[in-house]
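Asks:
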Amino acid sequence: MKFNRKKYDYLIVGAGPYGSIFAHEAAKRGKRSLIIERRSHIGGNMYTHKEHGINVHDYGAHIFHTDNKVVWDYVNQFTEFNNYINQVVANYNGELYNLPFNMNTFYQMWGVKTPKEAAAKIEEQKAKAGISGRPKNLEEQAISLIGTDIYEKLIKGYTEKQWGRKATELPSFIIRRLPVRYTFDNNYFNHRYQGVPVDGYTALFDKMLDSDLIDVETGVDFFSHKEVFLEEFPKIVYTGMIDQFFDYAFGELEYRSVRFESETLKSDNAQGNAVINYTDAKTPFTRVMEWRHFDKKADEGYTILTKEFPQNWDRTKEAYYPVNDEKNSKLFKKYKEETKKYPNVIFGGRLGNYQYYDMDQVFGVALKAVEKEFKDFTMDQK
Ligand code: UDP
1 MKFNRKKYDY LIVGAGPYGS IFAHEAAKRG KRSLIIERRS HIGGNMYTHK
51 EHGINVHDYG AHIFHTDNKV VWDYVNQFTE FNNYINQVVA NYNGELYNLP
101 FNMNTFYQMW GVKTPKEAAA KIEEQKAKAG ISGRPKNLEE QAISLIGTDI
151 YEKLIKGYTE KQWGRKATEL PSFIIRRLPV RYTFDNNYFN HRYQGVPVDG
201 YTALFDKMLD SDLIDVETGV DFFSHKEVFL EEFPKIVYTG MIDQFFDYAF
251 GELEYRSVRF ESETLKSDNA QGNAVINYTD AKTPFTRVME WRHFDKKADE
301 GYTILTKEFP QNWDRTKEAY YPVNDEKNSK LFKKYKEETK KYPNVIFGGR
351 LGNYQYYDMD QVFGVALKAV EKEFKDFTMD QK
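This is how it looks when you write it as structure tokens:
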């Protein structure tokens, strides 16, 4: 026995939200978990650190938003959330527009002032583009939702940079994440609950994992001793990449990665908003975050800005976005089928389940797994 020295009930691979929730709930029920994490910190991509009094999100802006009261109450037991509402501004070659697509955007784009005028404009552009029937790809979906002008200025460039492929080769569901509204409402999300933790996300994870029944070892790669782990632990919760678990036996699933460049400026307000998207094709980054605006908190005279650059994924980079197109979905199904051979391994989370999850969805699926494992509560909302 090499790793399971303490008679752990669970080995949890990955200290992100899925694994941490599972460990927390297991501990509540008297079960002991060892969490191993390849990186040097807990929290997965939700990890934040504090600098000049500012909570910086190391893996890009994470805004918690949900309609699920069970999930919202759950996450609030660990930490206090502020009332941040995401209101993104788009910069297209120096022209500024409000996002998501709403009456402010339509006014800025066309000068239209009523929902009726906006709808007529969109219908006219849609008809001209010859779009009818079920959209076959992201481009058709976008044009049929908001017309060609907005597609050309606010979607095409951003999307093609973000995903590194043509909008005609991307699944339409990606753009349906963004609301289209015929009201003057700049809230990026439609969900009832929204905010970021007052003390940053890392504090949330510290609290979640604070138990005598949970040990966390960072800097440990599951794959350096995969066979030993599988043999020693009665049950494993695996939240890494599903294709890597099977040594890429059927080929690599595709992911999109991003990288960040940050700078600290002597200023209280450099860009005037938490997030500004650069939607033209030429600017190499997709968005710039100014972290102090998420919390409205920072040491006086300091601000930190982070540019987000999309990049191709390879095995040396962090996998951020699963590319849920047809080809990858088929490949994922093959891997999923293989998981049946491992009844003692629970595959979960964004990478274990190859899903473009928002945080609340990860919380939802993790709690579902807890429900299934312990059978002592239900996630169903009354
Ligand atoms: N999108 C866009 N223009 C924008 C922002 C988003 O075209 O200014 C599209 C783009 O295809 C992106 C998708 O909407 O991949 C989803 O955006 P969201 O902000 O939800 O993505 P995330 O924050 O998960 O990267």
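For the sequence shown, counting from 1, position 66 maps to 66 in the UniProt record's numbering; every step adds exactly one.
All residues carry an ideal CB built from backbone N, CA and C; glycine is no exception.
Since the structure is predicted, the reported quantities are computational estimates derived from the model, not experimental observations.
1. Is it buried or exposed for residue 197, if we count other Cβ within 10 angstroms and need 16 for buried?
2. Hey, would you say residue 60 sits closer than 8 Å to residue 308, going by beta carbons?
3. Assign residue 87 to one of three DSSP states: helix, strand, or coil.
4. DSSP state of residue 382, grouped into three classes?
5. Per DSSP, residue 259 forms a beta bridge with which residues?
6. Provide the residue(s) that pair with residue 303 in DSSP beta bridges, ordered along the chain.
7. Could you check whether residue 181 and residue 141 sit closer than 8 Å to each other, using their CB atoms as the reference points?
8. Quick one: what does DSSP say residue 287 is sitting in, helix, strand or coil?
9. Would you please state the rounded distance, in angstroms, between the beta carbons of residue 139 and residue 168? I believe it to be under 8 Å.
10. In angstroms, rounded to a whole number, what distance separates the CA positions of residue 191 and residue 72?
11. When the Cα atoms are used, what is the spatial distance from residue 159 to residue 345?
12. Could you give the residue range of the alpha helix (DSSP H) that holds residue 367?
13. Quick one: Cα of residue 123 to Cα of residue 147, how far?
14. Can residue 141 be considered in contact with the ligand UDP, in the sense that its beta carbon sits closer than 7 Å to one or more heavy atoms?
15. I'd like the span of the alpha helix (DSSP H) that includes residue 98, first residue to last.
16. Is the CB-CB distance between residue 313 and residue 255 below 8 Å?
17. Please classify residue 67: is it buried, with 16 or more other beta-carbons within 10 angstroms of its beta-carbon, or exposed?
18. Is the beta carbon of residue 400 less than 8 Å from the beta carbon of residue 194?
19. Let me know the secondary structure DSSP gives residue 125 once reduced to three states.
20. When you compare only the Cα positions, how much space is there between residue 108 and residue 226?
21. For residue 137, which residues in the same chain have their Cβ closer than 8 Å to its Cβ, ignoring the five residues on either side in sequence?
22. According to DSSP, is residue 78 helix, strand or coil?
23. Between which two residues does the beta strand (DSSP E) carrying residue 149 extend?
Replies: The structure says:
1. buried
2. Against a cut-off of 8 Å, the Cβ pair of residue 308 and residue 60 comes out as a contact.
3. coil
4. Note that residue 382 scores 47 on pLDDT, short of 50, meaning its location in the model is unreliable and no value can be drawn from it.
5. 309
6. 265
7. no
8. strand
9. 5 Å
10. 11 Å
11. 36 Å
12. 359–374
13. 7 Å
14. Not one heavy atom of the ligand UDP is found less than 7 Å from the C-beta of residue 141.
15. Run containing residue 98: none in the alpha helix (DSSP H); it sits in the beta strand (DSSP E), 95–98.
16. yes
17. exposed
18. No statement about residue 400 is possible, as the shown extent of the chain runs from 1 to 382 and does not include it.
19. If DSSP states are grouped into helix, strand and coil, residue 125 belongs with the helices.
20. 55 Å
21. 167, 168, 169, 170, 171 and 172
22. coil
23. It is not in any beta strand (DSSP E) - residue 149 instead sits in the alpha helix (DSSP H) that spans 138–150.
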